[in-house]
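Working notes for the structure below.
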Amino acid sequence: MATTRIIIIGAGVMGQGLAEAIATSGEEVTLTDKTTKLAERGVRGIAESIEREIHKWGLTPSDKRAILARIHPSADLSQAEEAEIVIECIPEDLEKKRDLFERLDSFCREEALLVTNTGTLSISELAEATHRPSKIIGMHFLNPVTKIPLVEIVKGLKTDEETFRKAVGLAELLNKEWITVNEYPGYVTTRIIVPLLNEAMHVLMEGVASADDIDRAMKLGFGFNVGPLALADMMGLDVVMSWMENLLAELSDHKYNPCPLLRKMVRAGHLGVKSGRGFFHYDKDGNRLKDESAKTGETGNKVS
Amino acid sequence: MKILVINCGSSSVKYQLIDADTELALAKGDVARIGMAGAVLTHKPHDRPETKVSGDIFDHIVAIEYVVAILLSENHGVIEDKSEIAAVGHRVVHGGERFTDSVLITPELMGELRTLIELAPLHNPHNIRGINAAQKTLPDVPQVAVFDTAFHHKMPPHAYIYGIPYVLYKRYGIRRYGFHGTSHQYVSERAAKIAGRPLSDLKVITCHLGSGASIAAIDGGVSIDTSMGFTPLEGLLMNTRSGDVDPAIILHIMAREELNLHEANTLLNKHSGLSGISGVSSDMRDIEEAAGEGNVNAKLAIDVYCYRLKKYIASYTAAMGGLDVLVFTAGAGENSAAVRAGTCGNMGWMGLELDPTKNAEASKKERVISSAASKVQVMVIPTNEELVIARDTKRIVQAAG
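Each protein sequence line maps, in turn, to chains A and B.
Under my numbering, the first residue of the first sequence carries the number 1, and numbering increases by one thereafter.
Under my numbering, the first residue of the second sequence carries the number 305, and numbering increases by one thereafter.
Shown next as structure tokens:
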């Protein structure tokens with residue numbers, strides 16, 4: 001297999017989304033994971049995502065063939081040796097990410113762009129795991145990557161200008177609008193959206209309005225595409241809670257205290273779309289079910 | 305005078321080297337998959353067999369370097385020295401209202417071309433990339449831009465203004481422009497030659513039926529109306545494009561299926577037309593085959609295709625107050641007897657009648673396919689857009705001295 005210019009490490013949801021976006025732009029990309037099986041499962045996930053998009057008229061079957069032909073699954077991390085751009089998409093665990101960057105540092109090309117795709121972790125801290133902290137940068141893509149036109153480009157304390165310019169080049173290749181973020185907990189998007197979601201949960205818990213009415217109010221009143229409670233369900237309530245806790249720990253401001261209803265739901269395993277139940281109910285494909293409880297004004301106090 | 309004609313797409317470059325004095329294409333070919341693995345150049349000199357070269361062709365500059373190299377190569381080349389290329393002619397899709405004729409490319413002009421990207425975001429950026437690449441590879445050779453829209457620039461306002469607030473025309477240049485100009489121009493000129501009358505005396509309708517399709521009403525050599533409008537989506541049914549639809553349908557579908565702009569755009573440009581109706585293929589040959597085997601939707605797709613053509617032909621005849629020559633060209637126009645028969649059937653009332661035998665004959669040559677009694681001459685004329693670009697390039701370069 002020919003070595004590609006871009007390599008992605010981690011074939012989970014974000015890795016898949018990025019590989020699909022890169023291949024759609026016309027570039028070849030290698031998608032790696034710990035085993036070939038995992039990497040191939042990632043490619044199957046991409047194929048399914050493209051199928052959904054064909055169904056929505058956004059792509060054609062010939063696009064599908066062309067896009068999939070540009071994605072090369074692999075379990076061989078050493079392919080990153082020749083790559084110009086290495087994008088890390090493994091789970092949000094600082095220790096694992098540090099280990100990975102230490103390894104990448106040992107064999108990647110000196111001028112390679114090393115990108116971490118994190119929503120919360122400190123770029124500067126990751127960068128210190130390497131001998132080239134100036135070459136490390138964060139790019140926070142939002143899920144689903146192919147649909148959300150934004151990326152936050154996050155500079156660590158030592159990230160240099162050239163590295164930043166290369167990251168901008170990658171954003172432009174993917175046709176994304178980008179904003180510059182000087183590393184700080186939660187960056188811009190997470191920092192602002194998470195308290196909003198938390199406040200919606202308080203409003204529900206306090207019995208002010210039903211979940212459906214809260215979401216409709218924010219959609220119709222402020223032009224949100226998705227209401228805050230449905231959005232929390234999509235992100236995963238456990239993920240939202242970990243972001244809150246992370247912000248609370250970093251910034252020590254009580255406004256980041258997770259809503260008790262959120263804690264209760266996470267403990268009960270109601271994690272949102274992925275568990276079939278959060279503030280609303282979902283089938284196994286993630287489609288929202290007609291949800292009578294939301295309409296009748298049942299409040300969060302009765303949820304569990 | 306040898307002229308290199310270049311047509312740049314997003315990941316392809318098509319080229320011909322044409323001797324503009326003898327009008328012979330010395331070589332033609334294309335570079336495909338630029339910037340991807342497996343990029344390949346296919347080259348065919350006029351007097352030798354085709355050859356393929358693959359390599360690391362990572363951008364348009366490298367692609368054009370490959371083209372020039374193979375034109376010079378010992379075994380496959382057709383020239384001995386780079387300096388034999390007297391000029392480069394570029395196809396540029398959109399000239400807006402600013403460019404009514406082909407132009408010599410200057411640095412100031414490149415700026416103006418870039419402002420037109422807004423009007424043709426899918427095509428003009430690649431055309432501009434091609435110009436930049438050719439300037440790098442052939443720095444001392446004059447370059448000319450030939451526009452798809454230019455031939456239609458004399459369309460009168462009553463043909464190009466849409467029924468929407470006039471201020472939108474002023475603000476964003478939203479009007480009908482028309483495309484395929486070089487093809488409509490070429491076949492109308494050939495039609496006059498075949499008819500043996502000056503083009504200035506003729507009322508001609510030209511049907512360019514490639515994967516994109518358009519029809520033009522050419523009165524005395526001037527395009528007075530054409531079916532493609534602000535973009536190449538309007539007008540005839542095409543292979544994968546819808547052509548004319550009720551604009552409210554788009555808003556309705558977007559709401560019902562919760563589509564975003566990109567999805568709605570792809571729906572109309574890539575999932576519609578012959579492909580969308582037939583569900584079989586986007587290629588007329590496949591659809592005719594399926595219809596022959598009894599596929600009802602394939603038959604329906606052909607019927608819609610021909611019916612819309614027929615309506616346009618009759619309305620353009622009314623617009624010109626008569627019709628002398630009807631021309632079919634490109635893909636289905638040159639190759640599908642069924643499309644020509646389906647379109648021209650039952651038009652005896654306007655003095656148009658095909659000769660079924662002549663129509664059915666498969667040929668690559670220019671030919672008349674109407675009956676001896678038909679008042680309107682119907683012709684099949686293979687198009688040659690590259691030759692028009694070469695001729696225009698020669699004219700512009702000579703005028704510039």
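Quick reminder that beta carbons are idealized off the backbone N, C-alpha and C, glycines included.
Using a Cβ-Cβ cut-off of 7 angstroms, residue 339(B) is close to 26 of chain A, given in chain order.
Proximity of residue 364(B) to chain A, defined by a Cβ-Cβ separation below 7 angstroms, is not satisfied. Judged by beta-carbon spacing, residue 273(A) lies within the 7 angstroms limit of residue 233(A), meaning their Cβ atoms are closer than that value. Proximity of the region 519-533 of chain B to the region 451-464 of chain B meets the contact definition, three or more beta-carbon pairs being nearer than 8 angstroms. Around the beta carbon of residue 370(B), a 10 Å sphere encloses 16 or more other beta carbons of the protein chains shown; the residue is thus reported as buried.
Judged by DSSP in its simplified three-state form, residue 477(B) adopts coil rather than helix or strand. Annotation for residue 520(B): 488, 510, 527 and 530 place their beta carbon closer than 6 angstroms to its own, counting only its chain and skipping 5 residues before and after. Here DSSP, grouped into helix, strand and coil, assigns residue 178(A) to strand. Listed along chain B, the residues sitting closer than 7 angstroms to residue 57(A) by beta-carbon distance are 563, 567, 570, 571 and 575. Note on geometry: alpha-carbon atoms of residue 542(B) and residue 647(B) lie some 15 angstroms from one another. When C-beta distances to chain A are compared with 7 angstroms, the residues of the region 315-333 of chain B below that value are 315, in chain order. By the neighbour-count criterion, in which 16 or more other beta carbons inside 10 Å mark a residue as buried, residue 320(B) falls on the buried side.
Neighbours of residue 30(A) across chain B, judged by C-beta separation under 8 angstroms, do not exist; the nearest C-beta is about 12 angstroms away. With a cut-off of 8 angstroms on Cβ pairs, the region 45-56 of chain A is in contact with the region 11-20 of chain A, counting three or more such pairs. Look at residue 686(B) here: in three-state DSSP terms it is coil, with no helix or strand label.
Contact between residue 287(A) and residue 120(A) does not hold, since the beta-carbon distance rounds to 29 angstroms and is not under 8 angstroms.
Pairing residue 329(B) with residue 351(B), the inter-Cα distance amounts to about 10 angstroms. Just measuring C-alpha positions, the residue of 185(A), 199(A), 275(A) and 279(A) sitting nearest residue 249(A) is 185(A). Residue 697(B) is positioned such that its CB atom lies no closer than 7 angstroms to that of residue 490(B). Taking CB atoms only, residue 60(A) has a neighbour in chain B less than 7 angstroms away.
CA-CA distance, residue 59(A) to residue 493(B), rounds to 40 angstroms. Our two residues, residue 324(B) and residue 637(B), have alpha carbons roughly 27 angstroms apart in a direct line. 380(B) is the residue among 608(B), 314(B) and 380(B) whose C-alpha sits nearest the C-alpha of residue 353(B). For residue 28(A) against residue 340(B), the beta-carbon gap comes to about 7 angstroms, under 8 angstroms, which counts as contact. Below 8 angstroms, too few C-beta pairs join the region 601-616 of chain B and the region 492-507 of chain B to call them touching: fewer than three. Ranked by Cα distance from residue 239(A), the options 170(A), 143(A), 62(A) and 148(A) are led by 143(A). Nearest C-alpha to residue 385(B) among 447(B), 436(B) and 306(B): 306(B). Between the region 68-87 of chain A and the region 103-123 of chain A there are three or more C-beta pairs closer than 8 angstroms, enough to call the two in contact. Sequence-distant Cβ neighbours of residue 679(B) in its own chain, meaning closer than 6 angstroms and more than five residues away, are 655. In the three-state reduction of the DSSP assignment, residue 74(A) falls in the strand class, which pools E and B. For residue 582(B), the CB contacts under 6 angstroms within the same chain, skipping 5 residues up- and downstream, are 591, 601, 602 and 605 in chain order.
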